[in-house]
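Let me begin by presenting the structure, written as structure tokens, before commenting on it.
Protein chains: 2
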Amino acid sequence: MSKGILFVLSGPSGVGKGTVCTALRGKLSELVYSVSATTRSPRLGEEDGVNYFFKTREQFLDMIQNDQLLEHAEYVGNYYGTPRDFVEKTLESGKDIILEIEVQGALQVKEKFPGGVFIFLLPPSLDELKDRIQGRGTENQATIDHRMSVAVDEISLMEHYDYGVVNDEIDCACKRIESIIVAEHCKVKR
Amino acid sequence: MSKGILFVLSGPSGVGKGTVCTALRGKLSELVYSVSATTRSPRLGEEDGVNYFFKTREQFLDMIQNDQLLEHAEYVGNYYGTPRDFVEKTLESGKDIILEIEVQGALQVKEKFPGGVFIFLLPPSLDELKDRIQGRGTENQATIDHRMSVAVDEISLMEHYDYGVVNDEIDCACKRIESIIVAEHCKVKR
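These protein sequence lines are chains H and U, in that order.
Residues in the first sequence are numbered from 1 upward in steps of one, following the UniProt record's numbering.
Residues in the second sequence are numbered from 1 upward in steps of one, following the UniProt record's numbering.
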């Protein structure tokens with residue numbers, strides 16, 4: 001049996017990674033979604049091993065120490081990361097797995113897993129991205145400006161990715177990603 | 001405007017390249033099909049520039065001399081080849097072009113056009129390929145054996161290609177090739 005392929009879906013904050021990933025999961029039932037580890041407390045209804053692998057701070061730091069995470073980051077006081085073990089076991093079983101992560105995290109994964117396929121989700125335009133960030137309606141102007149400048153920096157990192165997919169319509173973006181998955185399975189070098 | 005992409009569809013004789021290519025053309029109207037040059041005489045209903053570019057032997061030899069062919073071969077006393085000019089003009093106009101050619105010809109194209117995307121069409125199995133070659137019902141056992149041994153040699157050249165597509169069902173093979181076309185357009189390096 002051939003091994004599965006690791007697909008990493010990333011892109012600037014606000015581009016719609018989560019929405020596209022959820023839509024893809026609905027369409028491709030055989031695609032496994034990577035479960036992150038986190039030190040934050042479970043919210044109502046969240047299950048260990050389904051929504052997240054819930055870890056204590058000590059457990060998480062041990063995982064970092066033992067190279068058991070493909071990437072990790074700290075966000076508002078909690079750690080988040082991608083357990084290597086879950087990814088490797090899924091690939092060994094012949095199934096594809098998809099990771100939806102931030103741009104910096106994806107570059108960490110690329111170092112540890114150069115055989116992965118790195119997909120960068122792009123906004124149709126910077127104006128459109130600004131609309132989407134503003135559209136959340138939860139942030140003031142300084143925060144919006146800061147997030148836009150971070151997004152522009154992140155977009156410049158696209159050159160490290162294999163594919164760039166424009167998220168104009170969720171359905172079109174999903175179809176492009178589905179095509180990338182099919183094409184990667186046809187590659188002779190695999 | 002971005003340039004088009006050259007797709008080369010090849011594979012062993014009997015694998016169904018022509019059938020798959022015709023089916024693709026029916027589905028993807030924007031895909032341009034490369035027109036070959038030949039020294040053979042036009043058959044009834046064949047138009048110059050549509051079915052073939054009809055050339056005299058002298059014209060054809062001049063084209064070889066002037067590097068105006070991406071590949072060429074002689075077959076039962078006539079020359080066949082792929083005019084470079086038609087391919088380059090199509091790509092410059094932003095359209096994709098597909099070439100359906102023999103394995104050796106495809107490798108000649110690769111030398112002159114390394115930016116092309118090389119797709120190898122595979123039979124589901126060698127038994128299936130033998131059935132298809134025999135199924136034509138026009139050849140004796142020695143010819144069939146010879147063609148099978150050529151096919152096995154040709155399949156060993158697949159490593160020089162980018163993608164391998166199994167032609168189990170024409171419709172499935174077409175969908176895989178369509179996915180490859182979409183995915184190649186998403187590649188960051190383009």
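Glycine included, C-beta positions come from ideal geometry on N, C-alpha and C.
Bridge-paired residues (DSSP) for residue i
i: I98 of chain H; result: H:F7 and H:Y33
i: V166 of chain H; result: H:L122
i: H185 of chain H; result: DSSP, once it has assigned bridges, lists no residue as partnering H185 of chain H.
i: E74 of chain U; result: U:Y79
i: L69 of chain U; result: U:P83
i: T38 of chain U; result: U:F54 and U:Y80
i: V117 of chain U; result: U:F7
i: D145 of chain U; result: Looking at the DSSP assignment, D145 of chain U forms no beta bridge with any residue, so it has no partner.
i: D48 of chain U; result: U:Y52
Cβ neighbour criterion (16 or more within 10 Å) applied to residue i
i: L126 of chain H; result: exposed
i: C174 of chain H; result: buried
i: Y79 of chain U; result: buried
i: P12 of chain H; result: buried
Interface residues of chain H facing residue i [CB-CB closer than 8 Å]
i: K3 of chain U; result: Chain H residues near K3 of chain U: none, gap ~16 Å exceeds 8 Å.
i: M158 of chain U; result: V188
i: A183 of chain U; result: Y163, R176, S179, I180, V182, A183 and E184
For residue j and residue i, the rounded distance between their alpha carbons
i: N51 of chain U; j: A23 of chain U; result: 17 Å
i: D162 of chain H; j: G137 of chain U; result: 46 Å
i: V182 of chain H; j: S36 of chain H; result: 25 Å
i: I97 of chain U; j: V32 of chain U; result: 5 Å
i: G49 of chain H; j: R25 of chain H; result: 17 Å
i: S149 of chain U; j: R132 of chain U; result: 14 Å
i: residue 218 of chain U; j: V103 of chain U; result: For residue 218 of chain U there is no data in the structure shown, the boundaries of chain U being 1 and 190.
i: H146 of chain U; j: D168 of chain U; result: 23 Å
i: K189 of chain H; j: D153 of chain U; result: 19 Å
i: E58 of chain H; j: G105 of chain H; result: 21 Å
i: K3 of chain U; j: L157 of chain U; result: 28 Å
i: L122 of chain U; j: G164 of chain U; result: 7 Å
i: H72 of chain H; j: R84 of chain U; result: 50 Å
i: F53 of chain H; j: E111 of chain U; result: 51 Å
i: V76 of chain H; j: P42 of chain H; result: 15 Å
i: K95 of chain H; j: R176 of chain U; result: 19 Å
i: E139 of chain U; j: H160 of chain H; result: 53 Å
i: T56 of chain H; j: G116 of chain U; result: 51 Å
i: L70 of chain U; j: V20 of chain H; result: 41 Å
i: T90 of chain U; j: G135 of chain H; result: 42 Å
i: L28 of chain H; j: E92 of chain U; result: 36 Å
i: E178 of chain H; j: A142 of chain H; result: 37 Å
i: D67 of chain H; j: I155 of chain U; result: 41 Å
i: G45 of chain U; j: C172 of chain U; result: 32 Å
i: D62 of chain U; j: K17 of chain U; result: 29 Å
i: K187 of chain U; j: C186 of chain H; result: 15 Å
Contact list for residue i against chain U, beta-carbon separation under 7 Å
i: S41 of chain H; result: In chain order: nothing, as chain U lies at least about 39 Å away.
i: C186 of chain H; result: Y163, G164, V165, R176 and I180
Chain-ordered neighbours of residue i on chain H, where CB pairs are closer than 9 Å
i: Y75 of chain U; result: Near Y75 of chain U there are no residues of chain H at all, since even the closest Cβ is about 27 Å away, more than 9 Å.
i: F120 of chain U; result: V188
Cβ distance (whole Å) where residue i is taken to contact residue j below 8 Å
i: P114 of chain U; j: V166 of chain U; result: At roughly 25 Å, the Cβ-Cβ gap does not stay under 8 Å, so P114 of chain U and V166 of chain U are not in contact.
i: V8 of chain U; j: V109 of chain U; result: 6 Å
i: E184 of chain U; j: I64 of chain U; result: About 30 Å; that fails the 8 Å criterion.
i: S34 of chain H; j: L129 of chain H; result: Going by Cβ atoms, the distance from S34 of chain H to L129 of chain H rounds to 25 Å, so no, they are not a contact pair.
i: T39 of chain H; j: F60 of chain H; result: 5 Å
i: I119 of chain U; j: I170 of chain U; result: Not confirmed; about 15 Å, so no contact.
i: S10 of chain U; j: I144 of chain U; result: Not a contact, Cβ separation roughly 21 Å.
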